[in-house]
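For reference, the structure discussed in these notes is given below.
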Amino acid sequence: MTRPRTRRRALQVLGTGLAATLAGCGGGGSRTDAGVSAEPPGSPALDAAGTWPSRRYDATNAAVADGTGLPDIETYWILDAGDVPVVADGALYNWQTDASRTALTRRESGTAAAVERVSLGDVDTNGPPTVAAGGVYGTDAERAYRVDVAGDAIRWRGPEMSGIEVSPTVADGVVYVRTGGDENTDAHLRALDAETGATRWRHGTRGEASSPVAVADDTVSLTDRDGLHALDTRNGETRWHRPLSDVGGSTPVVSNETVFVVDDAAGLVAVDARTGEERWRALGDTAIAGTPVVADDAVHVGGDPLVSLDPSDGRVATEFEAAGRPVGRRGGTLYAVDRDTLRAFDVADGRQRWWYGTGSANVGDTVVRGIDGVTPVDGAVYVSAADGLHGIGRPQS
1 MTRPRTRRRA LQVLGTGLAA TLAGCGGGGS RTDAGVSAEP PGSPALDAAG TWPSRRYDAT
61 NAAVADGTGL PDIETYWILD AGDVPVVADG ALYNWQTDAS RTALTRRESG TAAAVERVSL
121 GDVDTNGPPT VAAGGVYGTD AERAYRVDVA GDAIRWRGPE MSGIEVSPTV ADGVVYVRTG
181 GDENTDAHLR ALDAETGATR WRHGTRGEAS SPVAVADDTV SLTDRDGLHA LDTRNGETRW
241 HRPLSDVGGS TPVVSNETVF VVDDAAGLVA VDARTGEERW RALGDTAIAG TPVVADDAVH
301 VGGDPLVSLD PSDGRVATEF EAAGRPVGRR GGTLYAVDRD TLRAFDVADG RQRWWYGTGS
361 ANVGDTVVRG IDGVTPVDGA VYVSAADGLH GIGRPQS
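In UniProt numbering, the protein residues as written are 1 to 397.
In C-alpha cells, the structure reads:
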C-alpha cells in the first residue's frame with residue numbers, strides 16, 4: 001500500500017527547505033543525507049518528456065520504454081508531493097493524503113505543482129495509479145475506481161471485493177482487479193468495463209493476491225499458490241496452467257510471446273505464452289531481487305550482482321558493476337534500486353553511469369530511509385523515497 005501518512009509525519013519532523021546535492025557522473029553519484037523537503041512547486045523546472053503511465057509502464061509488466069535515459073544527473077528539487085507518480089498527458093498523477101483524506105492529484109511535470117485534486121475519502125490506496133483510455137484507475141482495500149482525466153471527477157467505483165492488495169491492470173478497455181478475499185469474499189480476479197465499471201467476468205484463484213496480472217495478446221497471465229495461469233481476456237476461461245512450486249506473489253512479465261516469472265524454489269522460469277510449455281529456467285541457485293525488467297534484447301534480473309540474460313536460452317550475457325533490483329529501462333539505460341540508492345547502468349556493457357542516494361526521515365524515534373518507486377521519463381527521473389519526491393534531471397550547466 002501507499003504510505004502518504006507516514007511520509008507526511010516524517011516531513012513534518014524534518015521541517016522545510018531544499019537539500020542541495022552534487023551531480024553524479026561516470027559511475028560517481030550524489031547523496032541527499034540532509035533529507036529536507038519543501039512544499040511544491042519545485043524549482044528549477046525539470047525538462048521532462050515522454051510517458052510512464054503505470055508502475056510497470058504497461059500491462060505486460062515489462063517496465064521498458066523507448067527513449068533516452070539520463071547519462072548524467074543533477075537534483076532539481078525534493079518535495080513533500082505525495083506518493084509514487086505516473087506520467088501521462090504531460091502531467092504527473094499520484095496519491096496524496098491530507099487530514100486522513102486521500103486524493104488523486106494531477107501535477108505539472110516540471111515542478112510537481114498541484115493542478116487538480118479529486119478526493120477519494122478516508123482510504124488507503126494500493127500502489128500508484130494507472131492512466132489509460134482517458135481515465136485514471138486505482139484501488140483501495142475494497143474496490144476499484146476510475147477518475148476521468150478531462151473532468152477531474154470520479155466516474156465510477158467498482159463492486160465491493162474486500163482483500164485487494166495491488167493496483168489494477170488496464171488493457172484494451174478492461175480493468176483487471178484481483179483480491180485475496182476474506183471471510184465473506186472468495187479470492188478471485190475480476191474484469192471490469194473501463195467505461196462503466198460493470199463486471200464482465202470473474203475467475204476464482206487460490207492463495208496469494210499480492211501481485212498484479214499481466215495482459216498481452218488476448219491473454220491474462222496470473223500467479224497464485226497453484227502456479228502460473230493463462231486466461232482468455234474475453235471470458236476468463238483457463239487456456240493453460242503451469243504448476244510451479246513457489247510463485248505466489250510473483251509478478252508475471254510478458255515479452256515476445258514468453259511469460260517470465262520468478263519461482264523462489266527454481267529461479268527465473270520462461271514459459272511459452274501460447275502453450276504453457278517451459279522454455280528454460282535460470283539462476284536457480286541465486287537469490288533474485290524483485291521483478292525482472294524484460295526487453296527484446298535482454299532479461300534484466302536483480303541480485304548481487306544485477307545480471308542480463310539472453311531471452312532465448314537464459315544464458316547470463318552481462319554482469320553489471322553493482323547489485324540492485326531493476327525497476328525500469330528507458331532506451332539503453334537500466335534503472336535499479338539498491339536499498340536507498342538509485343543506480344543507472346548502460347545496458348550494453350553493464351557499466352554504472354551514476355548513482356543517486358536518497359535521504360532519511362525521522363518517524364518518532366525511528367530513522368527510516370528507502371525508495372518506494374522510480375518513474376523514468378525522457379529528461380527526468382522521479383524518485384519517491386522516505387524523505388520525499390525527488391526530481392532529478394540533466395545537469396543544468
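Built from N, CA and C at the ideal position, the CB exists for glycine as well.
Computed from a prediction, not measured in an experiment: that's the story for all the values here.
Checklist entry - Do you know how far the Cα of residue 376 is from the Cα of residue 301? => result Straight-line measurement puts the Cα of residue 376 at about 18 Å from the Cα of residue 301.
Next on the checklist: Closest to residue 204 by C-alpha separation, out of 268, 42, 187, would be which residue?
Outcome noted: Of the listed residues, the one whose Cα sits closest to residue 204 is 187.
Next on the checklist: If I follow the unbroken beta strand (DSSP E) through residue 356, where does it start and stop?
Outcome noted: Note, residue 356: beta strand (DSSP E), 352–357.
Item to check | Exposure of residue 352, with buried meaning 16 or more beta-carbon neighbours within 10 Å | outcome: Within 10 angstroms of the beta-carbon of residue 352 lie 16 or more other beta-carbons, which makes it buried.
Item to check | Straight-line gap, residue 41 to residue 79 (C-alpha atoms, nearest Å) | outcome: Roughly 8 Å separates the two Cα atoms.
Next on the checklist: Could you tell me the alpha carbon to alpha carbon distance between residue 114 and residue 93, rounded to whole angstroms?
Outcome noted: Cα to Cα, residue 114 sits roughly 9 Å from residue 93.
Next on the checklist: Looking at the secondary structure, which residues open and close the beta strand (DSSP E) in which residue 96 lies?
Outcome noted: From DSSP, the beta strand (DSSP E) with residue 96 extends over 91–98.
Checklist entry - Mapping DSSP to helix, strand and coil, what is residue 266? => result Three-state result, residue 266: coil.
Checklist entry - If you scan the segment 192–258 from start to end, which runs of the beta strand (DSSP E) of 3 or more residues do you find wholly inside it? => result Whole beta strand (DSSP E) segments, 3+ residues: 199–204, 214–216, 219–224, 227–232, 238–242, 253–255.
Checklist entry - Expressed to the nearest angstrom, what Euclidean distance is found between the alpha-carbon atoms of residue 90 and residue 330? => result So the alpha carbons of these two residues sit roughly 17 Å apart.
Checklist entry - Can you pull the DSSP bridge partners for residue 392? => result Residue 392 is bridged to 75, 381.
Checklist entry - What residue range is occupied by the uninterrupted beta strand (DSSP E) comprising residue 175? => result 174–179 is the span of the beta strand (DSSP E), which, as asked, contains residue 175.
Item to check | beta strand (DSSP E) segment containing residue 320, residue limits | outcome: Per DSSP, residue 320 belongs to no beta strand (DSSP E) and is neither H nor E.
Next on the checklist: Here's the rule: buried if 16 or more other CB atoms are within 10 angstroms of the residue's CB, otherwise exposed. What is residue 125?
Outcome noted: So residue 125 counts as buried.
Item to check | Inside the segment 103–191 only - beta strand (DSSP E) runs reaching at least 3 residues | outcome: Runs of the beta strand (DSSP E) inside the segment 103–191: 114–121, 130–132, 135–139, 144–148, 153–157, 169–171, 174–179.
Checklist entry - From residue 191 to residue 270, what distance separates their C-alpha atoms? => result Their Cα atoms are separated by approximately 26 Å.
Checklist entry - Where does residue 21 sit, in a helix, a strand or coil, going by DSSP? => result With a pLDDT of 39 at residue 21, under the threshold of 50, the modelled position of that residue is not reliable, and the figure given next carries that caveat. The DSSP-derived three-state label of residue 21 is coil.
Item to check | For residue 292, three-class secondary structure by DSSP | outcome: Strand.
Next on the checklist: Short of 8 Å in beta carbon distance, which residues of its chain neighbour residue 198, apart from the five on each side in sequence? Order them along the chain.
Outcome noted: Sequence-distant Cβ neighbours of residue 198 in its own chain, meaning closer than 8 Å and more than five residues away, are 192.
Checklist entry - First and last residue of the beta strand (DSSP E) that includes residue 87? => result It spans 86–88 - the beta strand (DSSP E) in which residue 87 sits, taken as one unbroken run.
Next on the checklist: Tell me the DSSP secondary structure of residue 305 in three-state form.
Outcome noted: Under the three-state reduction of DSSP, residue 305 is assigned to coil, being neither helix nor strand.
Checklist entry - Taking the DSSP output, what are the residues bridged to residue 38? => result Residue 38 is bridged to 79.
Checklist entry - Which word fits residue 256, buried or exposed, when buried means at least 16 other C-beta atoms lie within 10 angstroms of its C-beta? => result With fewer than 16 other Cβ atoms within 10 Å, it is exposed.
Next on the checklist: Taking its Cβ as the centre, do 16 or more other Cβ atoms sit within 10 Å of residue 22, making it buried, or is it exposed?
Outcome noted: In this predicted model, residue 22 has a pLDDT of only 35, less than 50, meaning its place in the structure is not dependable; the value taken from the coordinates is given anyway. With fewer than 16 other Cβ atoms within 10 Å, it is exposed.
Checklist entry - By DSSP, does residue 375 sit in helix, in strand, or in coil? => result Looking at residue 375 - three-state DSSP - the assignment turns out to be strand.
Item to check | residue 48: first and last residue of the uninterrupted beta strand (DSSP E) it sits in | outcome: Residue 48 -> no beta strand (DSSP E), and no H or E assigned at all.
Checklist entry - What do you get for residue 66, buried or exposed, if any count of 16 or more other CB atoms within 10 angstroms of its CB means buried? => result Classified as exposed, residue 66 has fewer than 16 neighbouring CB atoms from the shown chains inside 10 Å of its CB.
Checklist entry - Is it true that the segment 356–373 meets the segment 325–344, where meeting means three or more beta-carbon pairs spaced less than 8 Å apart? => result Yes, since at least three Cβ pairs between the segment 356–373 and the segment 325–344 fall closer than 8 Å, the two stretches touch.
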